[in-house]
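Taking it in order: structure first as C-alpha cells, then the write-up.
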Amino acid sequence: IKRVRVAHLREAKERGERWPMLTAYDQYAARIFDEVGIPVLLVGDSAANNVYGYDTTVRVSLDELLPLVAAVTRSTTRTLVVADLPFGSYEASPQQALASAVRLMKEGGAQAVKLEGGVRMKPQIEALTHAGIPVMGHIGFTPQSEHLLGGYRVQGRGEAADAVVADARAVCEAGAFAVVLEMVPGQVAKRITHELAIPTIGIGAGPECDAQVMVWQDMAGLRAGRTPRFVKQYANLHDVLADAARAYAADVTAGTFPAEEHTF
Ligand code: KIV
Ligand code: NA
C-alpha cells in the first residue's frame, strides 16, 4: 500500500469526503492508527504535554520532537506524517524555518511540516513550499502564542472573524496544502472551508471543516480530569490502564503472579 500524499487530500476535498487526523508520538499508537487507515498523523508539539509532561507547548524543543517524528515515520507505511515546527524553531526568518523543517524531514523522515500563524508567517510558508516541503498551516487559537493571546480562548468571534479569514487566505496563497483551524466559531470555519481550495482541519471549529484532528490521548481518554469542550472520548484508556496496573500489583503482592505457566 502506498503512502497518502498531499494531492490525495486535495482530491478528497473536491469529492466532498471528510477525513480524520490524529496525533501520534510513539510506535504502538502510530502503528494502530496506520493499520486502521487514519490518513494523516501529526507529531504535534503537544508532545510537550502528552509525552514530556511540560505544562505548555512552548517548552518543547526541536531536539525533543525529532526522535518522536522518527519513531512515527518508522512505524507507519500508509499514513502521511506531518511534524510540528516547535516554538522558537521558525519565527525568526524563512531561513530558520527552512533549516528546522529540513531536520524534521531528513532526520525525522516527516513528509510535511506544520507551523502556527497566518499573515505573519507567509514568508516562512512560501520559503518552505519553494524548497519542496509541504506545509500545513495552523490558525485561530495558536497554542504557541498562548501567553500573548491570554490563554486558551476562541479566536475570531464577532468582528475578529475577518482577521481569521485573512489568515486563512494568507496561508493558502503562500502555498500551504491544508490548514488547521483551532477554536474558531463554527460559522467562521464554515466560511473559510467554502472559500479555500485546500482542506480545512478543525479542532474546536465545528462540523463544517473538511477534516478533524484530535490529540490521541484525548480521543482515547488516557488523560484523567477535565477535557476541553471540543474533545470527545471514544475510550477510557485511563481506567483500562489503571485497572491493569492495580490487578498486576495485587497479583505480585499476593504471590499469584508469576504462576507455573510463566515460569521456566
Ligand atoms: O500539537 C498538536 O497536537 C496540534 C493539533 C492539536 C492541531 O497542533
Ligand atoms: Na501543535
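For reference, each letter of the sequence shown is one residue, going 18 to 281 in UniProt numbering. Positions of the beta carbon are idealized from the N, C-alpha and C atoms, including for glycine. All of these numbers come straight from a predicted model, not from anything done at the bench.
query, result
"For GLN234, does the count of other Cβ atoms within 10 angstroms reach 16, so buried, or fall short, so exposed?", "buried"
"Whole alpha helix (DSSP H) runs in the segment 40 to 77 with 4 or more residues, listed along the chain?", "44 to 52, 64 to 67"
"Indicate, with yes or no, if the ligand NA has a heavy atom lying under 7 Å from the CB of THR217.", "no"
"Does the beta-carbon of HIS155, which I'm using as the reference point, lie nearer than 7 Å to any heavy atom of the ligand KIV?", "yes"
"Output needed for LEU121: all residues of its chain with C-beta closer than 8 Å, excluding positions within five of it in sequence on either side, in chain order.", "LEU79, LEU82, LEU83, VAL86, ALA100, LEU102, ALA127, VAL130"
"Might you give, ordered along the chain, the residues of its own chain that have their beta carbon closer than 6 Å to the beta carbon of residue 13, omitting 5 neighbours on each side?", "In the structure displayed, the chain extends from 18 to 281; residue 13 sits before or after that span and is not available."
"Note down, one range per segment and in chain order, each alpha helix (DSSP H) of at least 4 residues found wholly within the segment 199 to 272.", "203 to 212, 233 to 236, 254 to 271"
"I'd like the list of long-range same chain contacts for ARG48, defined as Cβ closer than 8 Å, with 5 residues on each side in sequence excluded.", "SER92, THR93"
"Measuring only from the beta carbon, is CYS62 closer than 7 Å to any heavy atom that is part of the ligand KIV?", "In the sequence as presented, Cys is not what sits at residue 62; that position holds Asp. True, at least one ligand heavy atom lies under 7 Å from that Cβ."
"Whole-angstrom Cβ separation of THR90 and GLY54, contact assumed at under 8 Å?", "Not quite, the Cβ-Cβ distance comes to about 17 Å (not below 8 Å), so this is no contact."
"Assign LYS249 to one of two classes, buried (16 or more other C-beta atoms within 10 Å of its C-beta) or exposed (fewer than that).", "exposed"
"Taking only three categories from DSSP, how would you classify LYS19?", "coil"
"Would you say the beta carbon of ASP268 is closer than 7 Å to some non-hydrogen atom of the ligand NA?", "no"
"To which residues does DSSP link PRO37 through a beta bridge?", "GLN229"
"Residue range of the alpha helix (DSSP H) that MET122 falls in?", "111 to 123"
"In three-state DSSP terms, what is GLY132?", "With the sequence shown as reference, residue 132 is identified as Leu, and Gly is not the correct amino acid for it. DSSP places LEU132 in coil when its eight states are reduced to three."
"Alpha helix (DSSP H) containing ALA144: first to last residue?", "139 to 147"
"Note the first and the last residue of the continuous beta strand (DSSP E) segment covering ALA100.", "97 to 101"
"Bridge partners of HIS155, per DSSP?", "VAL197"
"May I ask you to report which of helix, strand or coil DSSP gives GLN161?", "helix"
"Enumerate in chain order the residues of its own chain whose CB-to-CB distance from THR244 is below 8 Å, with the five nearest sequence positions on each side excluded.", "ASP235, GLN250"
"I need the boundaries of the alpha helix (DSSP H) containing PRO275, first residue and last residue.", "First-last for PRO275: undefined, no H or E at that position."
"Assign GLY175 to one of three DSSP states: helix, strand, or coil.", "helix"
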